[in-house]
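Peer 1:
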Amino acid sequence: MRTRIGTRLIVGAGLATALAIGGMAVAVLRTHTAQLLTERTRSADQLSETIKSSTHYDMLENRRDNLHRDIRNLGSLQEQGIRKVRVFNKEGQIMFSSSKEEIGTRLDTRGEACYACHAEGRPLEHLEINARARIFKASDGTRVLGVIKPIPNESSCSTADCHAHSSKQSVLGVLDVNVSLSEVDLEIARSRNVIISSAILAILAGSAMLWWLNNRLVVVPVAALLAGTRRVSEGDLTATIQVSGRHELSKLATAFNDMIKNLADTQRQLTQADKLASVGRLAAGVAHEINNPLTGVLSYASLLRKRLDGDAETCDDLDVIVRETVRCRGIIRGLLDFARPAAPARKPMDLNEVVRRSVSVVMTQLSLNQVQLSLDLATDLPLVNADVNQIEQVVVNLMLNAADAIGTEGGNIRAITRLGSTNTIEFLLVDSGRGIAAEDLPRIFEPFFTTKGNQGTGLGLAVSWGIVEAHGGTLEVQSELGQGTTFTLQLPTNATIEDASPSHSTLT
411 MRTRIGTRLI VGAGLATALA IGGMAVAVLR THTAQLLTER TRSADQLSET
461 IKSSTHYDML ENRRDNLHRD IRNLGSLQEQ GIRKVRVFNK EGQIMFSSSK
511 EEIGTRLDTR GEACYACHAE GRPLEHLEIN ARARIFKASD GTRVLGVIKP
561 IPNESSCSTA DCHAHSSKQS VLGVLDVNVS LSEVDLEIAR SRNVIISSAI
611 LAILAGSAML WWLNNRLVVV PVAALLAGTR RVSEGDLTAT IQVSGRHELS
661 KLATAFNDMI KNLADTQRQL TQADKLASVG RLAAGVAHEI NNPLTGVLSY
711 ASLLRKRLDG DAETCDDLDV IVRETVRCRG IIRGLLDFAR PAAPARKPMD
761 LNEVVRRSVS VVMTQLSLNQ VQLSLDLATD LPLVNADVNQ IEQVVVNLML
811 NAADAIGTEG GNIRAITRLG STNTIEFLLV DSGRGIAAED LPRIFEPFFT
861 TKGNQGTGLG LAVSWGIVEA HGGTLEVQSE LGQGTTFTLQ LPTNATIEDA
911 SPSHSTLT
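Residue numbers (the working numbering): 411 to 918.
1. Is DSSP giving Ser831 helix, strand or coil here?
2. Please classify Phe546 as buried or exposed, where buried requires at least 16 other C-beta atoms within 10 Å of its C-beta.
3. CB-CB under 8 Å to Thr895, same chain, minus the five flanking residues each way: which ones, in chain order?
4. At the level of alpha carbons, what is the spacing between Thr916 and Leu785?
5. Using a 10 Å radius around the Cβ and a threshold of 16 neighbouring Cβ atoms, would you call Asp721 buried or exposed?
6. Report the residue from Arg482, Glu849, Phe506, Leu611 whose alpha carbon sits nearest the alpha carbon of Ala435.
7. Cβ atoms of Ala880 and Pro754: under 9 Å apart, would you say?
8. So, using beta-carbon positions, are Arg516 and Ser507 closer together than 9 Å?
9. Assuming Leu425 contacts Asn624 under a Cβ cut-off of 8 Å, what Cβ separation, rounded to an integer in Å, is found between them?
10. From the DSSP output, in three-state form, read off Pro912 for me.
11. Could you give the distance in angstroms between the alpha-carbon of Val730 and the alpha-carbon of Arg828?
12. Counting beta carbon pairs with one atom in the segment 603-621 and one in the segment 551-563, are three or more of them shorter than 8 Å?
13. Could you check if Thr774 is buried or exposed, using at least 16 other CB atoms within 10 Å of its CB as the buried criterion?
14. Rounded to the nearest angstrom, what separates Glu836 and Leu885 at their Cα positions?
15. What does the Cβ neighbour count give for Ser874, buried or exposed, with the cut at 16 atoms within 10 Å?
16. When you compare only the Cα positions, how much space is there between Ile481 and Leu585?
17. Can you tell which of Ala825, Lys757, Gln782, Val806 has its C-alpha closest to the C-alpha of Ala788?
18. Just to confirm the assignment, what range does the alpha helix (DSSP H) spanning Ser770 have?
19. Pick from Leu891, Thr427, Ala848, Leu899: whose alpha carbon is nearest that of Gly616?
20. Roughly how far, in whole angstroms, is the beta-carbon of Ser463 from the beta-carbon of Val587, given that I think they are within contact range, below 8 Å?
21. According to the neighbour-count rule (16 or more other Cβ atoms, all chains shown, within 10 Å of its Cβ), is Gly422 buried or exposed?
22. Can you tell me the Cβ-Cβ gap for Ile834 and Gln780, rounded? I've got them flagged as a contact below 8 Å.
23. Taking buried to mean at least 16 other C-beta atoms within 10 Å of its own C-beta, is Gly638 buried or exposed?
24. Kindly indicate which three-state DSSP category Pro562 falls into: helix, strand or coil?
25. Of the choices Ile670, Asp684, Ile513, Ala848, whose alpha-carbon is the least far from that of Ala872?
26. Within the same chain, show all residues whose beta-carbon is closer than 7 Å to that of Glu511, passing over the 5 residues directly before and after it, in chain order.
27. So who's on the other strand from Pro902, going by DSSP bridges?
28. What are the boundary residues of the alpha helix (DSSP H) that includes Ala953?
29. Whole angstroms is fine: what's the gap from Ile823's alpha carbon to Leu783's?
30. For Thr417, which residues in the same chain have their Cβ closer than 8 Å to its Cβ, ignoring the five residues on either side in sequence?
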């Protein structure tokens, strides 16, 4: 079973997000727990210091009854969190306690109240607060914090009349205060619930955001690319992908569209070349077979025309035969030119000069049709290696087609030469004619396809396209109905030829 790349991204990113947020939640919870316990330990230590100060004079005066009463009273303040208060001497015997049953008993040095001092191996009075605190579970299962406080041997104790102690004894006993951690545990539980809930919400929100971003930035563009490639694999070279955004996948979609456009152009050129080759082979055979009989028809029709010069009606019919036969012979000649194009006789050529020569050929016909022609010739065009006569044939054919598209009502034609892309020059012919329908544009260079009706043979542009292709150039057309037409001829330049600098001119 295949897994979508988007799903894998979401799962991977979701797991990484969950691990990161979970790790942060654990760290925050541990830090918060440590802070609560530290505050509770400090509070318990302060409480033990308060108890020691309040019982100082009773101990100094050896008022045992008062000490027992005070410690019992302190142990009864459970609403303030105090669970037990006791005092034991250096031998571990409990001297005073809020629990009567413990008084007089001896603690185990390995027990929870004595282990800290003995495990540290240092004198009690030198231990830090964290070393004097311990956490254990009471018999009811609740956690209890115990803090021990040393009772030092002060000078007043060692010199007192009641119970003098040796001045060499540093510690007389230990005050042990036990406080409940129930409130702390409740606070930790509440914090744990809040942190876990926040982490879950953050993971869900992050996953939702990842899903939305993945769907927008990955799933949809990839699906569009997949659909486009499938359409192309089925032979549809008009498939394009909508480009949105400014990321890598949008660049990939743009590259895909450019690739399909180039592929369509290449296919069109290959199809055109194949058509030209097929029609060329057919035209060569047909022209060879028809040309000789057609020449005979033209000769006999002309001879009869001379013999029957006095019969006006018959002469008119023979004139039609001669005219149409001459027209057919022109078509045959075009077929022969199309089927057997001559190899270009290349030599350095000035494109501007070719355009001027072409204008002189068609200028009379343009004037009769009231067509105004303007030239916009660049002054920095390099020479190119090309067949002057063939390129002139292409330019003349384009100008005549432009004049036919304009008709007899008059219009404008603009001939432009300019530098093209890298190592190319361009000739543009822009007319204000009726334009070409969008559905006819893909077929405009096909043999025998014409938009002139019975006035055209459909070979002019096909022959021109073949000439340009033989020179390694391109011939393209852009047109809209009612907006005129623009033909663009592009030829490669030859860097070894010195640049020419023809003058810029305008002819009307």
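Glycine is no exception: its CB is placed at the ideal position from the N, C-alpha and C atoms.
Peer 2: Reading from the atomic positions:
1. DSSP places Ser831 in coil when its eight states are reduced to three.
2. With fewer than 16 other Cβ atoms from the protein chains shown falling within 10 Å of its own Cβ, Phe546 counts as exposed.
3. Excluding positions up to five away in sequence, the list reads Ala812, Ala815, Val840, Asp841, Gly843, Gly845, Ile846, Val887, Gln888, Ser889.
4. Confidence is the limiting factor: at Thr916 the pLDDT is only 34, short of 50, which leaves the residue's position unreliable and the question unanswerable from this model.
5. Residue environment analysis places Asp721 among the exposed positions, since fewer than 16 neighbouring C-beta atoms fall within 10 angstroms of its C-beta.
6. The shortest C-alpha separation from Ala435 is found at Leu611.
7. The answer is yes: Cβ separation under 9 Å.
8. No, the pair does not count as a contact, with Cβ atoms beyond the cut-off.
9. That pair is no contact at about 14 Å.
10. Low confidence applies here, because Pro912 scores a pLDDT of 38, under 50, leaving its location unreliable; read the following figure in that light. In the structure shown, Pro912 falls within a coil segment according to DSSP collapsed to helix, strand and coil.
11. Cα-Cα distance, rounded: 46 Å.
12. Touching, no, given that fewer than three Cβ pairs across the two stretches are closer than 8 Å.
13. Counting Cβ neighbours within 10 Å, Thr774 comes out exposed, since fewer than 16 surround it.
14. Cα to Cα, the separation comes out at about 10 Å.
15. Counting the other Cβ atoms within 10 Å of the Cβ of Ser874 gives 16 or more, which makes it buried.
16. So the two alpha carbons sit approximately 11 Å from each other.
17. For the residues Ala825, Lys757, Gln782, Val806, the minimum Cα distance to Ala788 belongs to Ala825.
18. For Ser770, the enclosing alpha helix (DSSP H) begins and ends at 761-778.
19. Ranking Leu891, Thr427, Ala848, Leu899 by CA distance to the CA of Gly616 puts Thr427 first.
20. Not confirmed; about 13 Å, so no contact.
21. Taking all protein chains shown into account, Gly422 has fewer than 16 neighbouring C-beta atoms within 10 Å of its C-beta and is therefore exposed.
22. In the sequence on display, residue 834 carries Thr and not Ile. Wrong, their Cβ atoms sit about 34 Å apart, outside the cutoff.
23. That one is buried.
24. In this structure, Pro562 counts as strand in the three-state DSSP scheme.
25. Looking from the CA of Ala872, the closest CA among Ile670, Asp684, Ile513, Ala848 belongs to Asp684.
26. Excluding positions up to five away in sequence, the list is empty.
27. Bridge pairing for Pro902: Thr834 [DSSP].
28. For the chain, the structure presents residues 411 to 918; residue 953 sits outside this window and is missing.
29. When rounded, the distance between both Cα atoms is 5 Å.
30. So no residue of the chain qualifies.
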